[in-house]
Amino acid sequence: MNEFYSVSSIGDVYVPIDYREAVFSRGGVRLFTQDELHHHDRIFTHIQRGGIVVVEGSWDDISDVMDYIQRHKKELTPLSDKRKSRDRSQRENPKQLREAIINQLMCWADKDGILQIEPTPDLPYLLELIGEETGVNRDLPFLVPVIKVQQIQKSLAESYPIKALNLSLKASENVLAPRSQETIDCFQEALQYVKTNSIIDNSIVCEIGCGSGCLTILAQQELGNEVEIYTSDLLPEAVATTKINVDRLLPNSESIHILAAGDLFKPFPSKQFDIIIFNAPWVVARVRNRSELAIHDEKQQTLSRFFEHLPNYLKPNGTLLLGYADASGPKAISNLEKIIDESGYVCKDIVNRRIATHRSKKKWEHIQVYVISQS
Numbered sequence: 095m096n097e098f099y100s101v102s103s104i105g106d107v108y109v110p111i112d113y114r115e116a117v118f119s120r121g122g123v124r125l126f127t128q129d130e131l132h133h134h135d136r137i138f139t140h141i142q143r144g145g146i147v148v149v150e151g152s153w154d155d156i157s158d159v160m161d162y163i164q165r166h167k168k169e170l171t172p173l174s175d176k177r178k179s180r181d182r183s184q185r186e187n188p189k190q191l192r193e194a195i196i197n198q199l200m201c202w203a204d205k206d207g208i209l210q211i212e213p214t215p216d217l218p219y220l221l222e223l224i225g226e227e228t229g230v231n232r233d234l235p236f237l238v239p240v241i242k243v244q245q246i247q248k249s250l251a252e253s254y255p256i257k258a259l260n261l262s263l264k265a266s267e268n269v270l271a272p273r274s275q276e277t278i279d280c281f282q283e284a285l286q287y288v289k290t291n292s293i294i295d296n297s298i299v300c301e302i303g304c305g306s307g308c309l310t311i312l313a314q315q316e317l318g319n320e321v322e323i324y325t326s327d328l329l330p331e332a333v334a335t336t337k338i339n340v341d342r343l344l345p346n347s348e349s350i351h352i353l354a355a356g357d358l359f360k361p362f363p364s365k366q367f368d369i370i371i372f373n374a375p376w377v378v379a380r381v382r383n384r385s386e387l388a389i390h391d392e393k394q395q396t397l398s399r400f401f402e403h404l405p406n407y408l409k410p411n412g413t414l415l416l417g418y419a420d421a422s423g424p425k426a427i428s429n430l431e432k433i434i435d436e437s438g439y440v441c442k443d444i445v446n447r448r449i450a451t452h453r454s455k456k457k458w459e460h461i462q463v464y465v466i467s468q469s
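Encoded structure:
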C-alpha cells in the first residue's frame, strides 16, 4: 500500500500506517480551511460518503466539528460493498466501525510535526506519539486523525507523582503510566545495592523498555551523572514520552541517550553494558492491543528472547536488574527462575514488595526486582 497521498493545496503528505486503508480506499480527500469549518453538515456528509476530511484552522472550531460528528455518529454507516465484503468483523460490529470512521476527520502537520492548528498545541515528537518512527515522513507533511490528537492531549495532561524522584511524570497514550510506587521503590533499592557493591564510575547503563522514562531518570538520580545511560522501547510513543519527560526534568543532561524505538536490544549500540535495567512484562497472556505490550508476554516468549541475547550486551562482571511480579502465579515465577538458571546467571539479591490487589481470588501480589549476574 502507498505511504504518500497528494492533497490539494498541501501537496504530498505522509499517511501513517494505521490510517492508510481509510485514506487509500475511500471516496477522496478534501481539505476544509478555516472559512469552511462552520459547514458541519458538508463535512459530515463527505465523511458519511466514505471521504476523508482534512481540516486546518482554529482548534476550537475543529473541536466543534468533532463534537458534531460524535453526536451524529450513529448515522455513520459503511456505504462501500467492497469494504463490507473485506472486513466482516467490522461489519458485524457497527460501533467499532463507527469509531473507525471517526478517524476520517484528520488534521495535518508540517514536515517538522507542527500541527496546522491555532493556537498550535505543544506536542513535540508528534510522529512518534502516534506510533511512527522519526523520519518516515521523508521531510513531508503528515496526516493525523483529530481524535488521535485529542487522545494524546488528554493523556499528557495527566501527571503521575513519583515519591522516589520527588517529581511528576507524563505518560502518553499506550504508554505504561508509572502508577506503581512499589515497583519504583524496588528498583531504587536495587540501584542502591549495585552502587554499594560495585564500582560505578564511568559505568554504561542500558534500560530496555523505557516507557515513561521513570527508571532511566531514577538510574541517573541514584548512580549519578558520571554514568552514561542508553534507553529505548518497542513503542515509538514510549520513546517520545521519555524524551518529553527528560526534556522537562533534566534539560541539561548529557548522559542520557534516548534511542530510536525497537524490540529489546535491537536499538542499542553493539557494546556491552555494566548495568542493564528491564522491567519485564509480567502477565503471561496474549497481547490484545498496543497498550498491553508493556505488561503482557504470551508464554513468556519476550522473557526468553531477552535472556537469549543478554550475554551479548551484559559485561561478564555486569549486573542485570530485572523487574517482575507474580501476577500470573507461581508457575510463571518458577519458569522465570528456570530461564535465569539455564542462561548461566545467578540471582545475588531480590528486592520485593507486597501489594494489595482488587481480585477476589488473589488479594496480594508480590513485585520483585532480581539483582542478577553471571555465576
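Numbers in our numbering are just positions in the sequence shown, counted from 1, shifted up by 94.
Positions of the beta carbon are idealized from the N, C-alpha and C atoms, including for glycine.
Being a predicted model, the structure only gives us computed values, none of them experimental.
Of the residues the options, the one placed nearest residue i, counting alpha carbons only
{"i": "residue 207", "options": "154, 285, 263 and 221", "result": "221"}
{"i": "residue 318", "options": "337, 344 and 327", "result": "344"}
{"i": "residue 420", "options": "406, 451, 136 and 286", "result": "451"}
{"i": "residue 359", "options": "113, 340, 147 and 299", "result": "299"}
{"i": "residue 353", "options": "143, 310, 433 and 369", "result": "310"}
{"i": "residue 391", "options": "385, 399, 400 and 381", "result": "381"}
{"i": "residue 462", "options": "468, 446 and 456", "result": "446"}
{"i": "residue 399", "options": "366, 433 and 286", "result": "433"}
{"i": "residue 322", "options": "148, 367, 406 and 282", "result": "367"}
{"i": "residue 96", "options": "102, 198, 285 and 116", "result": "116"}
{"i": "residue 108", "options": "102, 146 and 202", "result": "202"}
{"i": "residue 241", "options": "410, 279 and 147", "result": "147"}
{"i": "residue 53", "options": "165, 166, 466 and 154", "result": "Residue 53 cannot be examined here, being either before or after the span of the chain that is shown, 95 to 469."}
{"i": "residue 128", "options": "211, 427 and 283", "result": "211"}
Euclidean distance between Cα positions of residue i and residue j
{"i": "residue 185", "j": "residue 194", "result": "Any reading at residue 185 needs caution, since the residue's pLDDT is 49, under 50, leaving its predicted position unreliable; the model's value is listed next. C-alpha separation (whole angstroms): 12 Å."}
{"i": "residue 152", "j": "residue 259", "result": "38 Å"}
{"i": "residue 296", "j": "residue 320", "result": "6 Å"}
{"i": "residue 347", "j": "residue 333", "result": "16 Å"}
{"i": "residue 449", "j": "residue 223", "result": "32 Å"}
{"i": "residue 414", "j": "residue 271", "result": "23 Å"}
{"i": "residue 404", "j": "residue 441", "result": "15 Å"}
{"i": "residue 124", "j": "residue 361", "result": "38 Å"}
{"i": "residue 412", "j": "residue 436", "result": "18 Å"}
{"i": "residue 137", "j": "residue 340", "result": "40 Å"}
{"i": "residue 100", "j": "residue 122", "result": "10 Å"}
{"i": "residue 385", "j": "residue 238", "result": "19 Å"}
{"i": "residue 102", "j": "residue 204", "result": "15 Å"}
{"i": "residue 283", "j": "residue 144", "result": "56 Å"}
{"i": "residue 114", "j": "residue 216", "result": "25 Å"}
{"i": "residue 458", "j": "residue 427", "result": "15 Å"}
Proximity below 8 Å, CB of residue i to CB of residue j
{"i": "residue 141", "j": "residue 163", "result": "yes"}
{"i": "residue 307", "j": "residue 277", "result": "no"}
{"i": "residue 106", "j": "residue 199", "result": "no"}
{"i": "residue 244", "j": "residue 267", "result": "no"}
{"i": "residue 149", "j": "residue 170", "result": "no"}
{"i": "residue 423", "j": "residue 331", "result": "no"}
Whole-angstrom C-beta distance between residue j and residue i, which should lie under 8 Å
{"i": "residue 264", "j": "residue 253", "result": "6 Å"}
{"i": "residue 312", "j": "residue 356", "result": "The Cβ separation is near 22 Å, so there is no contact."}
{"i": "residue 464", "j": "residue 418", "result": "7 Å"}
{"i": "residue 256", "j": "residue 249", "result": "Incorrect: roughly 17 Å between the Cβ atoms, too far for contact."}
{"i": "residue 369", "j": "residue 288", "result": "6 Å"}
{"i": "residue 196", "j": "residue 167", "result": "6 Å"}
inquiry  = Three Cβ pairs or more, each shorter than 8 Å: is that satisfied between the segment 296-309 and the segment 364-379?
reply    = yes
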